[in-house]
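Presented below is the structure to which this report refers.
Number of protein chains: 2
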Amino acid sequence: MNIHSVTPKRTDLDRLLIDSALALFAERTYEGTQMPAVAQRAGVGVGSIYRYFPSKEALGNAAFRHAKRTLLDTLAGALADGGPTGTAREEFARFWRGFTRYASAHPDAFVFLEHQQHDTFLDPESRALADELHRLAADFIERGQQAGAIRDGDAEQLVGLALGAFAGLVKLVRPSGGLDTLPAEDLDRAEAAVWDLLHRKADR
Amino acid sequence: MNIHSVTPKRTDLDRLLIDSALALFAERTYEGTQMPAVAQRAGVGVGSIYRYFPSKEALGNAAFRHAKRTLLDTLAGALADGGPTGTAREEFARFWRGFTRYASAHPDAFVFLEHQQHDTFLDPESRALADELHRLAADFIERGQQAGAIRDGDAEQLVGLALGAFAGLVKLVRPSGGLDTLPAEDLDRAEAAVWDLLHRKADR
DNA sequence: CCGGGCGGAATGAACATTCATTCCGTGACG
DNA sequence: CGTCACGGAATGAATGTTCATTCCGCCCGG
């Protein structure tokens, strides 16, 4: 058990459990999924879950936080991609790419995160994490507005509209295999459409 | 007890139960709301629910169908408003007005409807009803595309984007009082933004 | 052999549903 | 008119079921 010990699959179990939980939560709701179902999907016994998480609520929060953090990381990566920020349109493209990557890689997690309005089971720490994404996006909106590239209006509201649109697309294509079964053409069109939702038109 | 007898609140109980259920479902999920909670919110005994609905599932489906049908009716009313259809932009305004009216009057119902992807409890009839809205909206999109007013792309996808955007806005403002606490200005801006999401730009 | 995970049956709490009982409006009878 | 008995609606404690959580015997690596 030294610093570099491998602990091959031991501690990976918590990740596996989180993934299984996420998939089920996305399909049937947190309240609607039973612990035995999580265990079965993970291929372990029910009791083993409790070796890693003290309760269903703890598992739910861990899953939520893991998903949200991964999304934030993916986004941060995409935003840093390709050097210093250029135009608002360019930064939007990075956001889009970040969301797209994440929703492709973790469709379950994405729809789960999207549905968390009626949380009930989320603890304060989870909620705090949830706000970060909105802050990040709202900052972008406000900078874009100051630069004259994004339309006027409450930044939160614009974030809600844009994020909602993306989520609407993801939910639509999820049953038929998720975002990456979409032709690149369709994805590009969707990106353009959502940008137009935010973009301040030059004319008028 | 003649034809015009008032039966003042008697048979209205089923409506009251549906409304209570809808409010709780929106807040805590179908799976997350207990029958006693529904009874309490309606101000009746638990047993009384079962006089009107044979099971929780039946109540859930009745609530879903009622909400969806009301939304469709509201939409139909808004679309018929003001004579024959003019431009696509004009028809979009009617859609927007319909959705806005509905989401203002029944915010609970609206968010409940929006979350039904992971249904589980919806029966085939409810699902069929759910499709009608998408058909209605997709038809509008396709007509708009043929007229050159709406951007190219899969109509279903555009519906998903636009509906998602609207839903995103509703979810955002719901905690702080719902759509009609929004300044008219903000609502108009949101309408313009969503229209730009759909609109085919003249230039380029 | 021994100790630490692990599985999955066992447990108790929470829940949907039932049903014996109460309550209330109505109409008949004095 | 006042009283009373009847029927149907409402109630909520009781019931059986489903679920989260616990517990204990087993198995595997040492």
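In the order they appear, the protein sequences are chains A and B. Position one of the first sequence corresponds to residue 18 (the working numbering), numbered consecutively onward. Position one of the second sequence corresponds to residue 18 (the working numbering), numbered consecutively onward. In this text, a Cβ means the ideal position worked out from N, Cα and C, and glycines have one as well.
Asked: How far does the alpha helix (DSSP H) with Asp29 of chain A in it extend, from its first residue to its last?; Found: Asp29 to Arg45
Asked: Label Asp213 of chain A either buried or exposed according to how many other C-beta atoms from any shown protein chain fall within 10 Å of its C-beta, with 16 as the threshold for buried.; Found: buried
Asked: Three or more C-beta pairs closer than 8 Å, one from the segment 172-183 of chain B and one from the segment 136-154 of chain B: is that the case here?; Found: yes
Asked: Taking DSSP as the reference, what is the three-state secondary structure of His216 of chain B?; Found: strand
Asked: How would you label Ala97 of chain A, buried or exposed, when you count the other beta carbons within 10 angstroms and need 16 or more for buried?; Found: exposed
Asked: Is Leu33 of chain A near the ligand SAM, judged by its Cβ being under 7 Å from some heavy atom?; Found: Ligands are entirely absent from the displayed structure, and the ligand SAM is therefore not among its contents.
Asked: Please report how far the alpha carbon of His132 of chain A lies from the alpha carbon of Gln134 of chain B, in whole angstroms.; Found: 10 Å
Asked: Examine chain B for any beta-carbon lying closer than 8 Å to the beta-carbon of Val55 of chain A, and answer yes or no.; Found: no
Asked: Going residue by residue through the segment 81-136 of chain B, where are the continuous alpha helix (DSSP H) segments of at least 4 residues, counting only ones entirely within it?; Found: 105-122 and 124-131
Asked: Measure how close the beta-carbons of Leu34 of chain A and Tyr69 of chain A come, nearest whole angstrom, since I'm counting them as under 8 Å.; Found: 6 Å
Asked: Provide the residue span of the alpha helix (DSSP H) that contains Leu199 of chain A, from first to last.; Found: No alpha helix (DSSP H) contains Leu199 of chain A, which DSSP labels as neither H nor E.
Asked: In terms of alpha-carbon separation, which member of B:Ala110, B:Ala43, B:Asp136 and B:Ala79 lies closest to His216 of chain B?; Found: B:Ala110
Asked: DSSP beta-bridge partners for Ile167 of chain B?; Found: B:His216
Asked: Using the Cα positions of Phe138 of chain A and Asp203 of chain A, report the straight-line distance between them to the nearest angstrom.; Found: 36 Å
Asked: Under 8 Å Cβ to Cβ from Gly62 of chain A, same chain only, skipping five residues before and after it: list those, please.; Found: Ala56
Asked: For Gln174 of chain B, report the span of its alpha helix (DSSP H) as first-last.; Found: Ala172 to Val190
Asked: As a quick exercise: from A:Glu48, A:Met52 and A:Thr91, pick the residue whose alpha carbon is nearest that of Thr117 of chain A.; Found: A:Thr91
Asked: Ser37 of chain A to Ala79 of chain A, Cα distance in whole Å?; Found: 12 Å
Asked: Given Phe112 of chain A, which residues of its chain have a CB within under 8 Å of its CB, disregarding the five upstream and five downstream residues?; Found: Leu92, Ala95, Leu96, Ala154 and Phe157
Asked: State buried or exposed for Lys85 of chain B, treating a residue as buried only when at least 16 other CB atoms are found within 10 Å of its CB.; Found: buried
Asked: If we ignore side chains and look at the alpha-carbon of each, how far apart do Gly115 of chain B and Gly185 of chain B end up?; Found: 17 Å
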